[in-house]
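Once you know that position 234 of the sequence shown is 238 in my numbering, the rest is easy, because the numbers rise by one and skip nothing. Here a beta-carbon is modelled for each residue, glycine too, at the ideal position from N, C-alpha and C. Structure, as structure tokens:
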Amino acid sequence: MYTTHLHSEQNILEISNSKETLKAKLFLNDGGSLQELTLKSHPIIQDLAPLKYGDTYASSILFPFANRIKDGQYSFKGQAYQLNKNQTEEQNALHGFVYNKTFKLIDEQISDDSVKIALIYVETEETQGFPYTYKIRLDYEFFEDRISLGVTVTNSHSNAFPFTLGWHPYFVSNNLYDSKILMDSTQKLILGDRNITTGVANIDNVKSFPIKDQQLDDCWILNSDKVVFETPKYSLRFSSSSKNNFLQAYTPPKANTIAIEPTTGVSDSFNNKIGLEILQPNESYEITWNLSIN
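Okay, here's the thing in structure tokens:
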């Protein structure tokens, strides 16, 4: 049997099964982010303390852009825009606007073998450099050995807007040096100063990428929506419903931890147009990411 408990003071929703082989915490004030997860008794996502959420964006939804926009500047339909440069060190706009918004719990369905959670955020104010309104719904479904995260973005404005989407989870390994990422990729992003995309390089098919002691902030263009994170103790399988699939890998200053981020676009997508999509008024875009443990 599955149960949920909302810690009202912190606005954290805790989910677990009776065997405690599945445990999860959703931080509603931090963009509805999944900051703790245990599958089949294996800790998969853990608290990143002493690192701060405002620096890590841990498990946040990245919208309307994943990664960076150079100088926070772009043009759309002949109009120039200036975003807030929230990444002061590099002077870029980073990871969009919803990572620190408060999501509302709107539905909860509990059964013997799963829990469904629906969260929503409604933006009614136009944002600096992104003068549009929108709604984002997150549909989480938890099982003992897997989860799914569905994201639905609806354009509630009278004008179309550009966007990409991403998800920024960090995963733990008992030994990251001996862990690896399995993927199908023959192209990698070339990143210049300030981690801005400057081009695309053709590479030998990666297939298996050993992490070892590499310091990563790298992005691959995927030929398939399937990715596997293999550790000495568990394997985690990713899949996506998107036709545009990119994988960002980042190693934070915390041992045995890695961000493996599925995205629909890349660094500076509002300018280089890689993965960029346009959402028309009153239309919705849907994507589902799946994780399962072996």
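For residue 275, the uninterrupted alpha helix (DSSP H) run begins and ends at 273-276, by DSSP. As the crow flies, the alpha-carbon of residue 250 is around 23 Å from that of residue 182.
The Cβ neighbour count for residue 257, taken over all protein chains shown within 10 Å, is under 16; the residue is labelled exposed.
The DSSP assignment places no complete run of the alpha helix (DSSP H) inside the stretch 79-166 (cut-off: 4 residues). Looking at the backbone, the Cα of residue 242 and that of residue 179 are separated by about 20 Å. The beta carbon of residue 177 sits closer than 6 Å to the beta carbons of 183, 235 and 260 from its chain, once the five residues preceding and following it are set aside; these are given in chain order. For residue 199, the three-state secondary structure derived from DSSP is helix. Counted as a single uninterrupted DSSP element, the alpha helix (DSSP H) harbouring residue 57 occupies residues 57-60. Of the candidates 291, 76 and 41, the residue whose Cα lies closest to the Cα of residue 266 is 291. Cβ contact annotation for residue 128 (same chain, cutoff 7 Å, sequence separation greater than five): 137, in chain order.
Residue 36: not part of any beta strand (DSSP E); DSSP gives it neither H nor E. By the C-beta density criterion, residue 36 is buried, having at least 16 other C-beta atoms within 10 angstroms.
Runs of the alpha helix (DSSP H) lying entirely within the stretch 197-261 and spanning at least 4 residues: none are present. Between residue 8 and residue 145, the gap from beta carbon to beta carbon reaches 8 Å or more. Taking the CA atoms as reference points, residue 48 sits about 11 Å from residue 150.
Contact annotation: residue 6 and residue 34 have beta-carbon atoms that are not nearer than 8 Å. The continuous stretches of beta strand (DSSP E) do not include residue 74, and DSSP gives it neither H nor E. About 6 Å separates the beta carbons of residue 155 and residue 142, which is inside the 8 Å limit, making them a contact pair.
Checking the DSSP bridge columns, you'll see residue 45 has no partner listed.
With contacts defined as CB atoms closer than 8 Å, residue 159 and residue 287 qualify as a contacting pair.
According to the DSSP assignment, residue 288 belongs to the beta strand (DSSP E) that extends over 288-297. Residue state for residue 180 is assigned as helix, using DSSP reduced to three classes.
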